[in-house]
Amino acid sequence: MKIVVTSVFVDDQEKALSFYTGTLDFEKKTDVPAGAYRWLTVVSPGDANGVELLLEPDQHPAVGPFKTALVEDGIPYTSFRVEDVQAEYDRLQRAGVRFTQPPVAMGPVTTAVFDDTCGNLIQIAQMH
Amino acid sequence: MADLYEALAAPARRAILDALRERDGQTLFELCARLSMHYDLALTRQAVSQHLGLLEAVGLLTTRREGRYKYHHLDTTPLGAIVERWLSPSRSTRQEGET
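Written out as structure tokens, the structure reads:
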């Protein structure tokens with residue numbers, strides 16, 4: 052088995068695509084109709100054949116309370132690796148992204164946590 | 010009603026206060042991460058939550074909701090009573106048993 056796709060629940064696929072590509076700089080990979088929604092994935096820049104992130108509609112009634120509870124406690128839904136967490140923090144803040152945790156050294160990693168505007172907190176982590 | 014001295018007696022709760030002095034206004038997630046990495050405290054999220062509740066009950070901690078987020082802040086005001094009682098010269102003549 053191989054991990055090919057992982058997902059994040061978003062409240063609006065079009066808004067999510069805009070944020071994940073326009074602000075976070077991911078690249079759109081697949082965008083096909085799937086019922087009332089789209090099979091919509093993005094990939095890391097320069098890694099078109101890498102793991103895809105599915106921007107999955109959060110329509111199921113269980114998802115809302117789940118996301119709300121995580122966000123209230125500041126818990127990120129998933130984590131992305133970055134080369135320089137301070138530089139990303141500065142860049143994203145200038146772009147108007149809201150952070151709930153600034154870069155904090157946590158032993159082998161330095162992490163920060165931001166709001167993806169689609170109902171999730173996302174952690175970015177720099178390995179040392 | 011938990012009292013201030015009981016709140017301060019627990020090393021984990023003192024560590025939480027220290028962590029909030031490192032940076033005031035933290036989410037539960039950030040506090041848990043700091044406690045495990047900076048204070049070598051392996052506490053469950055539930056345990057940290059309980060400690061936070063007790064600290065809030067004695068007034069050493071306040072919580073603030075900002076949109077969908079919840080932040081925790083240090084409030085050292087109750088410590089003033091300790092300083093007043095034992096360190097303030099004007100109160101040095103207090104009788105035993107006074108609070």
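Respectively, the protein sequence lines represent chains P and V. Residue numbers for the first sequence follow the working numbering, beginning at 52 and rising by one. Residue numbers for the second sequence follow the working numbering, beginning at 10 and rising by one. We put the CB at the ideal spot given by N, CA and C, even for glycine.
Apart from sequence neighbours up to five positions away, the residues of its chain that approach P:F70 with a beta-carbon distance below 8 angstroms are D167, T168, C169, ordered along the chain. Contacts with chain P (Cβ-Cβ distance below 7 angstroms) from the region 47 to 79 of chain V involve R77, Y78, K79, listed in chain order. Taking the beta carbon of P:M178 as reference, no residue of chain V falls within 7 angstroms; the closest one sits roughly 14 angstroms away.
Rounded to whole angstroms, the gap between the alpha carbons of P:R89 and V:D27 is 48 angstroms. Apart from sequence neighbours up to five positions away, the residues of its chain that approach P:L105 with a beta-carbon distance below 6 angstroms are V56, S58, T92, ordered along the chain.
Note on geometry: alpha-carbon atoms of V:R23 and V:E15 lie some 11 angstroms from one another. Excluding its 5 nearest sequence neighbours in each direction, V:H47 has C-beta neighbours in its own chain below 8 angstroms: A28, E31, listed in chain order. Under the Cβ criterion of 8 angstroms, V:R43 is counted among the residues facing chain P. For the pair V:T72 and V:Y80, the CB atoms are nearer than the 8 angstroms cut-off. Rounded to the nearest whole angstrom, the C-alpha separation of P:V114 and P:T151 is 21 angstroms. Around the C-beta of P:G125, 16 or more other C-beta atoms lie within 10 Å, and the residue is accordingly described as buried. Remark: fewer than three beta-carbon pairs, one from each stretch, lie closer than 8 angstroms, so the region 79 to 95 of chain V and the region 138 to 149 of chain P are not flagged as touching.
Listed along chain P, the residues sitting closer than 7 angstroms to V:T36 by beta-carbon distance are D124, G125, T151, Q152.
Rounded to whole angstroms, the gap between the alpha carbons of V:A19 and V:L13 is 11 angstroms.
About 7 angstroms separates the beta carbon of P:Q177 from that of P:E134, a gap short enough to meet the 8 angstroms contact definition. Annotation for P:D124: no alpha helix (DSSP H) segment contains it, and DSSP assigns it neither H nor E.
Residues of the region 80 to 98 of chain P with a C-beta atom less than 9 angstroms from some C-beta of chain V do not occur. For P:M52, the three-state secondary structure derived from DSSP is coil. Separation of the CB atoms of P:I173 and P:P116 is rounded to 19 angstroms, and the pair is thereby denied contact status at 8 angstroms. The beta carbon of P:P153 lies closer than 8 angstroms to those of Y140, A163 in the same chain, with the five residues before and after it left out. Excluding five sequence positions before and after P:R149, the CB atoms of its chain that fall closer than 6 angstroms to its own CB belong to D166, given in chain order.
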